[in-house]
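Visitor: The opening residue of the sequence shown carries number 3 in the numbering used here; numbering runs sequentially from there.
I'd like to ask some things about the structure below.
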Amino acid sequence: MRGSEPSRSAMSAAVARGIHRLWDDPPWILDDPFALPLVGEEWQAFAEQSTALSRPPHQARSGVLVRTRYAEDVLAADAYAQYVILGAGLDSFAWRHPEFLANGRVLEVDHPATQTWKRERARTLALPDSARHVFAPADLARDALASCLTAAGFDWTAPALLSCVGTTMYLDAGTIAALLRTVARCAPGSAIVLSYNPRVELLDEIQRAFLERVSRLVAGMGEPLRSAFTPDEIVRLAHDAGLRAAAAPTHDELEERYLTTRRDGMRLLMIERLLWLRV
Ligand SMILES: C[S@@+](CC[C@H](N)C(=O)[O-])C[C@H]1O[C@@H](n2cnc3c(N)ncnc32)[C@H](O)[C@@H]1O
3 MRGSEPSRSA MSAAVARGIH RLWDDPPWIL DDPFALPLVG EEWQAFAEQS TALSRPPHQA
63 RSGVLVRTRY AEDVLAADAY AQYVILGAGL DSFAWRHPEF LANGRVLEVD HPATQTWKRE
123 RARTLALPDS ARHVFAPADL ARDALASCLT AAGFDWTAPA LLSCVGTTMY LDAGTIAALL
183 RTVARCAPGS AIVLSYNPRV ELLDEIQRAF LERVSRLVAG MGEPLRSAFT PDEIVRLAHD
243 AGLRAAAAPT HDELEERYLT TRRDGMRLLM IERLLWLRV
């Protein structure tokens, strides 16, 4: 990110979610009515950038939709009372699911520049505030995640689901290892769903070309990609941190689960891989 400017890759991801309900056929993989209002009037410029990334254009947003949907499905499958969204960007879970806040807490961790901007947008849009929806600013590359969670009132004795999608690729391996070690300190029953970029050798030709276009785009936003792993490398990093792998859904499994009923021809074009790790 550039200095104190908010993350433009976060805006771009939000626009992918927002235009899905505007331009694609239902059923939507994820229905996010807050995404475009949060981005504001610039959303159309982001939408143009995004549709230039793939042919057909709607394919480019499939991965952004699937990664968040998968994390939220893991959350819904268990009785978690704490949902921690790391690198939250313009994620609108707390506003889309006010019922979660009846008994649970949502804690959003993000770079201060992005989070301050998001909160200002939320105020402008008069989105509801809740004492159970907590914003915890942290530069994950510098600040200790544990202290940030404690300061935000995170309950280390209660199971939590953490998610970190679309974010690890902007962090280096050392920062990701530290993050995973903190997750491992959470209460038994806790878990994290994360996405990571695979090493380029693992991609097919179409995915490689897509990755090149995405890399150029985000580097131009001042957010260069910093990490990529083989599946073995990321699982080893997680094991060393004290976590065990619960699931690593493949591209085909995700496509089968979330896209086969689509009538608009959208197929999954996703560079990132998802990994569900348990404490
Ligand atoms: C591509 S966006 C993804 C946002 C959101 N998870 C989503 O899927 O829409 C990447 C996010 O990582 C955050 N990020 C990047 N580097 C960070 C850092 N060093 N500390 C905290 N957050 C960071 C950005 O602020 C941004 O919100």
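C-beta: ideal position from N, C-alpha, C; glycine also.
All values reported here derive from a predicted model rather than from experimental measurement.
Look at residue 113 and residue 93 and say whether their C-beta atoms are less than 8 Å apart.
Guide: The residue given as residue 113 occupies position 111 in the sequence shown. The residue given as residue 93 occupies position 91 in the sequence shown. Going by C-beta atoms, residue 113 is not nearer than 8 Å to residue 93.
Visitor: Report yes if the C-beta distance between residue 62 and residue 17 is below 8 Å; otherwise report no.
Guide: Stepping through the sequence shown from its first residue, residue 62 is reached at position 60. Stepping through the sequence shown from its first residue, residue 17 is reached at position 15. No.
Visitor: In whole angstroms, what separates the C-alpha of residue 209 from that of residue 131?
Guide: By one-based count along the sequence shown, residue 209 stands at place 207. By one-based count along the sequence shown, residue 131 stands at place 129. Whole-angstrom Cα-Cα distance: 40 Å.
Visitor: Nearest-angstrom Cα distance between residue 79 and residue 193?
Guide: On the sequence shown, position 77 is the one that residue 79 refers to. On the sequence shown, position 191 is the one that residue 193 refers to. Rounded to whole angstroms, residue 79 to residue 193 spans 12 Å at the Cα level.
Visitor: Can you check whether the CB of residue 170 is closer than 8 Å to the CB of residue 198?
Guide: As a position in the sequence shown, residue 198 is number 196, starting the count at 1. As a position in the sequence shown, residue 170 is number 168, starting the count at 1. Going by C-beta atoms, residue 198 is nearer than 8 Å to residue 170.
Visitor: Pull up the distance between the alpha-carbon of residue 86 and that of residue 165, whole angstroms please.
Guide: In the sequence shown, the residue the question calls residue 86 occupies position 84. In the sequence shown, the residue the question calls residue 165 occupies position 163. For residue 86 and residue 165, the distance between alpha carbons rounds to 6 Å.
Visitor: Is any heavy atom in ligand 1 found nearer than 7 Å to the beta carbon of residue 42?
Guide: Taking the first residue of the sequence shown as 1, we reach residue 42 at position 40. Checking every heavy atom of ligand 1 against the Cβ of residue 42, none is found closer than 7 Å.
Visitor: Just to confirm, are residue 233 and residue 190 a CB contact at a threshold of 8 Å?
Guide: Within the sequence shown, the letter at position 231 stands for residue 233. Within the sequence shown, the letter at position 188 stands for residue 190. Cβ distance not < 8 Å, so residue 233 and residue 190 don't count as in contact.
Visitor: Any contact between the stretch 180 to 188 and the stretch 231 to 249? By contact I mean 3 or more CB pairs, one from each, below 8 Å.
Guide: A contact exists between the stretch 180 to 188 and the stretch 231 to 249.
Visitor: With DSSP as the reference, please indicate the residues paired to residue 111 in a beta bridge.
Guide: The residue given as residue 111 occupies position 109 in the sequence shown. DSSP lists 88, 138 as partners of residue 111.
Visitor: DSSP on residue 198, reduced to helix/strand/coil?
Guide: Working through the sequence shown from its first residue, we reach residue 198 at position 196. Here residue 198 sits in strand by DSSP.
Visitor: Could you name the residues of the same chain whose beta carbon sits closer than 6 Å to that of residue 14, not counting the 5 residues immediately before and after it, in chain order?
Guide: For the purposes of this step, residue 14 is taken as residue 12 along the sequence shown, with counting starting at 1. Excluding sequence neighbours, residue 14 sits near 48.
Visitor: Go ahead and label residue 122 buried or exposed: buried means 16 or more other beta carbons lie within 10 angstroms of its beta carbon, across all protein chains shown.
Guide: Taking the first residue of the sequence shown as position 1, residue 122 is located at position 120. Result: exposed.
Visitor: Is DSSP giving residue 229 helix, strand or coil here?
Guide: Reading the sequence shown from its first residue, position 227 is the one you call residue 229. Three-state result, residue 229: coil.
Visitor: Helix or strand or just coil, what does DSSP make of residue 119?
Guide: Within the sequence shown, numbered from 1, the residue matching residue 119 stands at position 117. Of the three classes helix, strand and coil, the one that applies to residue 119 here is helix, per DSSP.
Visitor: Is it buried or exposed, residue 248, if we count other Cβ atoms within 10 angstroms and call 16 or more buried?
Guide: For the purposes of this step, residue 248 is taken as residue 246 along the sequence shown, with counting starting at 1. Answer is exposed; the Cβ neighbour count stays below 16.
Visitor: Give me the DSSP bridge partner(s) of residue 275.
Guide: On the sequence shown, residue 275 is found 273 positions in, with the first residue counted as 1. Paired residue(s): 198.
Visitor: Going by C-alpha to C-alpha distance, which of 12, 25, 167, 151 sits closest to residue 71?
Guide: Numbered from 1 along the sequence shown, position 69 holds the residue referred to as residue 71. Considering only alpha carbons, the answer is 167.
Visitor: Is it the case that the CB of residue 174 approaches a heavy atom of ligand 1 more closely than 7 Å?
Guide: Mapped onto the sequence shown, residue 174 falls at position 172. No - ligand 1 has no heavy atom lying nearer than 7 Å to the Cβ of residue 174.
Visitor: Verify the contact flag: residue 169, CB atom, against every heavy atom of ligand 1, threshold strictly below 7 Å.
Guide: Here the question's residue 169 lines up with position 167 in the sequence shown. Yes, Cβ of residue 169 sits closer than 7 Å to a heavy atom of ligand 1.
Visitor: By Cβ distance below 7 Å, which residues in the same chain neighbour residue 99 in space, the five residues on each side in sequence not counted?
Guide: For the purposes of this step, residue 99 is identified with residue 97 of the sequence shown, where counting begins at 1. Same-chain partners within the cutoff: there are none.
Visitor: What residue range is occupied by the uninterrupted beta strand (DSSP E) comprising residue 246?
Guide: As a working note, residue 246 is residue 244 in the sequence shown. From DSSP, the beta strand (DSSP E) with residue 246 extends over 246 to 249.
Visitor: Quick check: the Cα distance between residue 69 and residue 152, rounded to an integer number of angstroms?
Guide: Walking along the sequence shown from the start, residue 69 turns up at place 67. Walking along the sequence shown from the start, residue 152 turns up at place 150. So the alpha carbons of these two residues sit roughly 27 Å apart.
Visitor: Measuring from the CB of residue 17, is there a heavy atom of ligand 1 at a distance below 7 Å?
Guide: Start at 1 with the first residue of the sequence shown, and residue 17 comes out as number 15. No.
Visitor: For ligand 1, is there any heavy atom lying closer than 7 Å to the beta carbon of residue 65?
Guide: Locating residue 65 in the sequence shown gives position 63, counting from the first residue. Because no heavy atom of ligand 1 lies under 7 Å away, the Cβ of residue 65 does not count as near it: no.
Visitor: Give every residue of the same chain whose Cβ lies closer than 7 Å to the Cβ of residue 7, excluding the five residues on either side of it in the sequence, and list them in chain order.
Guide: Locating residue 7 in the sequence shown gives position 5, counting from the first residue. Once the five neighbours on either side are set aside, the close Cβ partners of residue 7 are 115.
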